[in-house]
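Enquirer:
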Amino acid sequence: MSDEMRTFGYLCPKCGKTVMAARSVFALEASNAEIECTCGESALRAEFDGESYRLYVPCGLCGETHTAACPPERVLRGATALGCAKTKQFCCFIGPEGTVEKNLRELEILAEKEKRQEDGGGAFVDSVIMYEVLSELKEIAARENGVTCGCGGAQYGMEIRRSAVDLICRRCGAKLRVPAATDRDLDDLCCHMKLVIPGTPR
């Protein structure tokens, strides 16, 4: 199966966004790979010397770049995770897209939590509800035109707060706040098939 795809994922230490990209096993065996964040400030690199892979992983938890040597079977088969020595948490995932996406979402929540504790703002009001709300938002976003803006834009960013998630239109900057603190907030969100950010048409 030379055309099998492997998904790499990490959290950008510069902008805080999750970075995910797939490369074919064939391409990974043939040459080095680089997965860059859209902000252009960080990139995960995989170099193959014929025997093992050397991975350079920007860490969204401690801000440093970690280096790891992995045998080919860890990179090309199954699912694997690379850890941050400082925080003792996983900071990079390689494997099937669904597995990497799920782990990255948890990493994003963890990083946000750590940041809030450092800022003295405490963690989330309810981390279980927050995780469920983020999962539900992911499902809504996966639908066709699931998240759009009144200005006509379809690209948006996400800011995770202590008791809510802000969806911000990348085109006009309009914001939609999704409460994420109580069971009721979750129930309300589950009623929506689509979400529209209240931007003004251009």
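In numbering that gives the first Met the number 0, the protein residues as written are 0 to 201. Heads up, the beta-carbon is just placed ideally off N, CA and C, and yes, glycines get one too. Just so you know, these numbers come straight off a predicted model, no measurement behind them.
(1) What is the DSSP secondary structure of Ser-134, reduced to helix, strand or coil?
(2) Under a Cβ-count criterion, where at least 16 other Cβ atoms within 10 Å of its own Cβ denotes burial, should Ser-41 be classed as buried or exposed?
(3) Determine the DSSP secondary structure at Lys-193, reduced to helix, strand or coil.
(4) Name the residue from Gly-8, Val-195, Leu-188 and Arg-22 whose alpha carbon lies nearest to the alpha carbon of Gly-151.
(5) Rounded to whole angstroms, what's the CA-CA distance from Gly-172 to Asp-48? Just pull it up for me.
(6) Helix, strand or coil: how does DSSP classify Phe-89 here?
(7) Looking only at its chain, what residues have a beta carbon closer than 8 Å to the beta carbon of Val-177, apart from the 5 residues adjacent to it on each side?
(8) Is it the case that the region 5–13 contacts the region 82–95, given that we only count it when at least three CB pairs across the two stretches are under 8 Å?
(9) Lys-112 to Phe-123, Cα distance in whole Å?
(10) Given that a residue counts as buried once 16 or more other Cβ atoms are within 10 Å of its Cβ, and exposed if not, what is Asp-45?
(11) For Thr-147, which residues of its own chain have a beta-carbon under 6 Å away from its beta-carbon, when the five flanking residues on both sides are left out?
(12) With distance defined between alpha-carbon atoms, name the residue in Arg-53, Pro-57, Glu-63 and Cys-61 nearest to Pro-71.
(13) Determine which residues share a DSSP beta bridge with Ala-67 and list them.
(14) Using the three-state DSSP reduction, which class does Leu-43 fall into: helix, strand or coil?
(15) Short of 6 Å in beta carbon distance, which residues of its chain neighbour Gly-198, apart from the five on each side in sequence? Order them along the chain.
(16) Below 6 Å CB to CB, which residues in the same chain sit around Ala-68 once its five sequence neighbours on both sides are set aside?
(17) Take Ile-108 as the anchor and find which of Glu-63, Glu-96 and Ala-179 has the nearest alpha-carbon.
Expert: Reading it off the structure:
(1) On the sequence shown, residue 134 is found 135 positions in, with the first residue counted as 1. DSSP places Ser-134 in helix when its eight states are reduced to three.
(2) Translated into positions along the sequence shown, residue 41 becomes position 42. Under this definition Ser-41 is a buried residue.
(3) In the sequence shown, the residue the question calls residue 193 occupies position 194. Coil at Lys-193, not helix or strand.
(4) The sequence position of residue 151 within the sequence shown is 152, counting from 1. Selected option, being the one with the closest Cα: Val-195.
(5) Position 173 of the sequence shown, counted from the first residue, corresponds to residue 172. Position 49 of the sequence shown, counted from the first residue, corresponds to residue 48. So the two alpha carbons sit approximately 45 Å from each other.
(6) Taking the first residue of the sequence shown as 1, we reach residue 89 at position 90. In this structure, Phe-89 counts as strand in the three-state DSSP scheme.
(7) Indexing the sequence shown from 1 puts residue 177 at position 178. Val-132, Leu-136, Ala-163, Val-164, Asp-165, Leu-166, Asp-184, Leu-188 and Leu-194, listed in sequence order.
(8) yes
(9) Locating residue 112 in the sequence shown gives position 113, counting from the first residue. Locating residue 123 in the sequence shown gives position 124, counting from the first residue. Those two C-alpha atoms are separated by around 7 Å.
(10) Working through the sequence shown from its first residue, we reach residue 45 at position 46. Inspection of the sequence shows that residue 45 is occupied by Ala rather than by Asp. Buried: at least 16 other Cβ atoms inside 10 Å.
(11) To locate residue 147, count along the sequence shown from 1; it is residue 148. The answer, listed in chain order, is Ala-153 and Val-195.
(12) Within the sequence shown, the letter at position 72 stands for residue 71. For the residues Arg-53, Pro-57, Glu-63 and Cys-61, the minimum Cα distance to Pro-71 belongs to Arg-53.
(13) For the purposes of this step, residue 67 is taken as the residue at position 68 of the sequence shown. BP columns for Ala-67 point to Leu-54.
(14) Here residue 43 is taken as the residue at index 44 of the sequence shown, counted from 1. Three-state DSSP puts Leu-43 in a strand.
(15) On the sequence shown, residue 198 is found 199 positions in, with the first residue counted as 1. Same-chain partners within the cutoff: Cys-148, Gly-149, Cys-150, Cys-168, Cys-171 and Ala-173.
(16) Numbered from 1 along the sequence shown, position 69 holds the residue referred to as residue 68. Taken in chain order, the residues that qualify are Ser-51 and Arg-53.
(17) Stepping through the sequence shown from its first residue, residue 108 is reached at position 109. For the residues Glu-63, Glu-96 and Ala-179, the minimum Cα distance to Ile-108 belongs to Ala-179.
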